[in-house]
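*Asks:* Before I ask anything, here is the structure I am working with.
Residue numbers (our numbering): 8 to 117.
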């Protein structure tokens, strides 16, 4: 058993070392979130969006640019967009703003 574990670990390390350094389409560098800096009473939104069958790529193309756009808003404290790997086209958005007024102001932007 121990030999099998060592062999499996060695195979994984070799595969990782020789694998191309690519990232999934949705994975992006995220700024470090300092949760202690989020004010009490912050306004958060969690939303799920599911693409219609056959429209997964279209929805992905429309949502990926939102990551940098929303994070560039100084009123945005946290923004994550995730796609369910087991269900392509199923996206979950997670946003935090200091207040609902900040969120409303963000949504009023073009």
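Glycine is no exception: its CB is placed at the ideal position from the N, C-alpha and C atoms.
Residue 48 to residue 109, Cα distance in whole Å?
*Replies:* Residue 48 and residue 109: Cα-Cα distance of roughly 12 Å.
*Asks:* With DSSP collapsed to three states, give me the class of residue 56.
*Replies:* Note: residue 56 maps to strand in three-state DSSP.
*Asks:* If you compare alpha carbons, which of 42, 82, 70 and 116 is closest to residue 54?
*Replies:* It is 70 whose Cα lies nearest to the Cα of residue 54.
*Asks:* Do you know offhand how far residue 41's Cα is from residue 116's?
*Replies:* So the alpha carbons of these two residues sit roughly 26 Å apart.
*Asks:* Flag this pair as yes or no: are the beta carbons of residue 114 and residue 102 separated by less than 8 Å?
*Replies:* The answer is no: Cβ separation not under 8 Å.
*Asks:* Could you please give the first and the last residue of the uninterrupted alpha helix (DSSP H) stretch that includes residue 97?
*Replies:* Where residue 97 is concerned, there is no enclosing alpha helix (DSSP H), although the beta strand (DSSP E) it sits in stretches over 97-104.
*Asks:* Alpha carbon to alpha carbon, what distance is there between residue 86 and residue 76?
*Replies:* Straight-line Cα distance between these residues: approximately 10 Å.
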